[in-house]
Amino acid sequence: MNIGLIGLQKSGKTTIFNALTGQDAEVSDYVSQKVEPNMAVVDVRDTRIDRLSAMYEPKRTIYATVEFVDFAGLSAGAAEHGVFSGEAMQMVKNADALCVVIRNFSDEVIDETHGAPNPASEIETIATELVLADLIVAERRLERIRHDLQRGKKTPQLQAEEKLIDRLATHLGDGAPVSTLELTPDDRKALSGFQFLSAKPFFAVLNSSEERYSKSGDAIAAIDARCPVVEFAGNFEMELSRLESDEEREIFMADMNITESAQTRLTTFAYRTLGYISFFTVGKDEVRAWTIHSGESAVDAAGTIHSDLARGFIRAEVFSYDDLMERGSEKGVRDAGRFRLEGKTYVVADGDIINVRFSV
Ligand SMILES: Nc1nc2c(ncn2[C@@H]2O[C@H](COP(=O)(O)OP(=O)(O)O)[C@@H](O)[C@H]2O)c(=O)[nH]1
Ligand SMILES: [Mg+2]
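One point on numbering: in the numbering used here, the residue at position 23 of the sequence shown is 65, and numbering is uninterrupted.
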C-alpha cells in the first residue's frame with residue numbers, strides 16, 4: 043500500500059513524514075525549492091506478528107509495510123500554478139490513497155503568510171483542489187476527443203468515451219469528486235487509466251500543536267463530516283521518534299497521553315479506514331504478514347504471495363490467529379476442529395493464517 047501525503051503548504055506534511063519514519067527530511071517555515079519527494083517504507087507493527095514469531099521462532103519475521111510519500115512541491119492553488127503536474131503529480135497519481143495533513147498549530151511566520159490555522163476550511167480547500175485537478179484532466183481529454191470526432195474518427199468507442207467524460211466533467215464542474223459519480227464496471231475500466239485524484243480514498247491527519255492536542259473536538263468534527271480523521275501532535279511526535287532511549291520516550295508519551303507511536307497509529311488507522319486487512323503465513327523459515335483488501339478471496343490472497351500460487355491454486359488451509367492463541371498450538375487448533383480447507387472463493391478474514399496448496 044502506498045499513501046501520498048498531501049496538504050496546504052506548511053501544514054506539516056514533512057513533519058508528519060519524519061514522525062512516521064524516523065527520518066530527518068527538511069522541515070521549514072519558508073518555501074522550499076526542493077521538488078523531489080521524500081519516500082519511506084515503514085513496517086506495520088502488528089503485535090500479532092510478534093507473538094507468531096515468538097511461537098514459530100522462524101529465520102525471518104516480515105511485517106506488512108506501508109510506503110509513505112511526502113510531496114515536497116505540492117500545495118494549494120497547485121492545479122492553476124502547475125505544481126500539480128510533472129513528476130510529483132505522477133507520483134500522487136500512483137498512490138493507493140491520500141493522507142491530507144491539516145494545520146492545527148500557530149506559527150508567527152506561517153500565520154502571517156497563510157493566515158491563522160483553520161482546519162475546517164483547509165479540508166474544503168484540499169477537496170476542491172483535487173476535484174479541480176481532475177476537472178482539468180477531464181476537460182483536456184474531452185477537447186482531444188471532440189477534435190478527433192470532428193476529424194472524422196467516429197468510432198463507437200470514442201463516442202461512448204465522449205459521453206462518459208462529458209458526464210464526468212459536468213459532475214466535477216459541480217464540485218463533486220469522481221468517487222461519488224455513478225459508474226458501471228465498463229465506465230470504471232475506461233476511466234482507470236486517468237488515475238483521477240478525487241477517485242482515491244483519503245483520510246486526514248490533524249496536525250496539532252502541543253497546546254491544542256486532544257482539545258480540538260470542533261475541528262475534528264468538521265473534518266470528520268468529510269473524511270475519517272486522526273489527530274497527531276506532529277512536531278512533538280517527530281521529536282519523540284528521534285529519542286534514543288525507550289524509557290525517555292515512554293515518559294514523554296505518557297505526558298501527552300499518547301499510547302502508541304505515530305507509525306503504529308497511522309498505519310493501523312490507514313488499514314481500518316481504507317478497508318485493508320492482514321493475513322499471515324507461518325513456518326520455520328518465515329512468519330509474515332500480507333496485505334489485501336477486505337472482501338478479497340483465498341485465490342486473491344494466494345496471488346498476493348506469488349502469481350504461481352493463484353494460477354495453480356488447489357485449496358487453502360486456513361485457521362485463525364485467535365484460535366491459535368486460544369489453543370496454544372496448531373495441533374490444538376486441529377483437535378478443536380478449527381482447522382479448515384477452503385476453496386478459491388473463500389473470503390479471507392483479518393488474522394487468517396493461510397497455507398496455499400497449489401500445483402503448477
Ligand atoms: N508548533 C508547531 N509547528 C509545527 C508543527 N508541525 C510543523 N510545524 C512547523 O511548521 C513548519 C512547516 O512544517 P513542514 O513539515 O515543513 O510543512 P510542509 O510544508 O507541509 O512539509 C516547520 O517550521 C515546522 O517546524 C506542529 O505540530 N507544531
Ligand atoms: Mg514539506
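Glycine included, C-beta positions come from ideal geometry on N, C-alpha and C. Source: prediction; values computed, not measured.
- In this structure, residue 59 places its C-beta atom within 8 Å of the C-beta atom of residue 112.
- Residue state for residue 81 is assigned as strand, using DSSP reduced to three classes.
- The distance from the Cβ of residue 180 to that of residue 214 is about 6 Å, consistent with a contact at the 8 Å cut-off.
- Excluding residues up to 5 positions away in sequence, 339, 340, 341 and 355 lie with their Cβ nearer than 8 Å to the Cβ of residue 386 in the same chain.
- Between residue 108 and residue 267, the C-beta spacing is not below 8 Å.
- Per DSSP, reduced to three states, the secondary structure at residue 293 is helical.
- Excluding residues up to 5 positions away in sequence, 144, 161, 162, 165, 246, 248 and 271 lie with their Cβ nearer than 8 Å to the Cβ of residue 265 in the same chain.
- Per DSSP, the continuous beta strand (DSSP E) segment holding residue 140 begins and ends at 139-146.
- For residue 170, same chain residues with a beta-carbon under 8 Å away, outside a window of 5 residues either side, are 217 in chain order.
- Residue pairing by DSSP puts residue 103 in a beta bridge opposite 329.
- When only Cα atoms are considered, residue 397 and residue 323 end up about 7 Å apart.
- Residue 276 is a Cβ neighbour of residue 61, given a cutoff of 8 Å.
- The Cβ neighbour count for residue 84, taken over all protein chains shown within 10 Å, is at least 16; the residue is labelled buried.
- In this structure residue 96 is exposed. Its beta-carbon is surrounded by fewer than 16 other beta-carbon atoms within 10 angstroms.
- Under DSSP, the beta-bridge partners assigned to residue 335 are 318.
- An exposed status is given to residue 259, since fewer than 16 other beta-carbon atoms sit within 10 Å of its beta-carbon.
- Using a C-beta cut-off of 8 Å, the stretch 202-212 makes contact with the stretch 181-188, since at least three inter-stretch Cβ pairs fall below that distance.
- The closest heavy atom of ligand 1 lies 7 Å or more from the beta carbon of residue 377.
- Distances from the CB of residue 149 to the heavy atoms of ligand 1 include at least one below 7 Å.
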